[in-house]
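Novice:
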Amino acid sequence: MLFTSKDFGPGILELDGISKKTVEEHLKLYNGYVNKSNEVMEKLAKVDLATANQVFSDARALKVELSFAVGGMQNHEIYFSHLKRGGGEPKGELKKQIEKDFGSYEAFVKDLKASGLSGRGWAWTVWFPAAGRLMNWVGDSQNTYLSWDIHPILALDVYEHAYFLDYAVNRGAYIDAFVKNLDWDRIAANYEKARK
Ligand SMILES: [Fe+2]
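With our numbering applied, the sequence shown covers 81 to 276.
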């Protein structure tokens with residue numbers, strides 16, 4: 081097995097405003113992405129390259145869906161690893177960068193929420209080296225609208241499975257709860273890594 085599911089600790093089941101049941105079910109989906117990433121990698125090693133074709137071929141199907149499976153695994157690893165009850169607000173260098181790029185923490189949250197309401201699957205806060213700034217980026221799926229050398233430091237899952245049990249279709253209320261549970265020490269570590 082190339083990939084193994086990460087353990088996010090018992091605290092992930094004790095969030096404020098995102099129920100244990102939602103997280104338990106959500107973790108099952110995450111494990112599914114890890115398993116499928118392994119399955120696609122194994123099948124790719126044995127695929128008949130001579131049959132590669134852009135309309136349909138096993139090589140095409142596996143290569144396209146690998147991005148979906150690995151994206152699903154990685155997006156959820158960012159998401160679950162920076163959620164914990166108690167949350168807080170950004171500090172230090174990350175706080176300064178947020179204030180530089182968005183004006184204030186409150187304005188950042190407003191932009192993140194709008195991004196989450198605009199995406200059909202994900203919103204990420206990314207460090208965008210070419211622009212020299214943080215941005216909130218939108219994705220409709222596990223593998224859409226990505227670009228090169230853009231580093232996600234925060235991942236907001238807005239698929240309905242992330243909130244429907246708790247909030248039905250009120251995605252905005254879920255995003256408010258998500259923000260309350262953000263572990264900014266973890267996000268700061270992601271940011272530090274992205275800046276290197
Ligand atoms: Fe999800």
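Built from N, CA and C at the ideal position, the CB exists for glycine as well.
Nothing here was measured: the structure is a model prediction, and the numbers come from that model.
Assess contact between the stretch 243-257 and the stretch 166-174, defined as three or more Cβ pairs (one per stretch) separated by less than 8 Å. Is contact present?
Specialist: No, because fewer than three Cβ pairs between the stretch 243-257 and the stretch 166-174 fall closer than 8 Å, the two stretches do not touch.
Novice: Give me the DSSP bridge partner(s) of residue 215.
Specialist: Its beta-bridge partners are 206.
Novice: Using a Cβ-Cβ cut-off of 7 Å (strictly less than) and excluding sequence neighbours within five positions of residue 128, which residues of its own chain qualify?
Specialist: Correct list, in chain order: 138.
Novice: Is the CB-CB distance between residue 251 and residue 238 below 8 Å?
Specialist: Going by C-beta atoms, residue 251 is nearer than 8 Å to residue 238.
Novice: Taking 7 Å as the cut-off, does the CB of residue 257 come closer than this to any heavy atom belonging to ligand 1?
Specialist: For ligand 1, not one heavy atom lies less than 7 Å from the Cβ of residue 257.
Novice: Could you please give the first and the last residue of the uninterrupted beta strand (DSSP E) stretch that includes residue 235?
Specialist: Where residue 235 is concerned, the enclosing beta strand (DSSP E) stretches over 231-237.
Novice: List the whole-angstrom C-beta distance separating residue 236 from residue 194, where the pair is believed to meet the contact cut-off of C-beta under 8 Å.
Specialist: The Cβ separation is near 11 Å, so there is no contact.
Novice: Within this structure, are the beta carbons of residue 262 and residue 162 separated by less than 8 Å?
Specialist: Against a cut-off of 8 Å, the Cβ pair of residue 162 and residue 262 comes out as a contact.
Novice: Looking at residue 239 and ligand 1, is the gap between the Cβ and the nearest heavy atom below 7 Å?
Specialist: Flag set: Cβ of residue 239 near ligand 1.
Novice: Check whether the Cβ of residue 231 sits closer than 7 Å to any heavy atom of ligand 1, and report yes or no.
Specialist: Outside the cutoff, so no.
Novice: Under three-state DSSP, which class holds residue 163?
Specialist: Residue 163 falls in the strand class under three-state DSSP.
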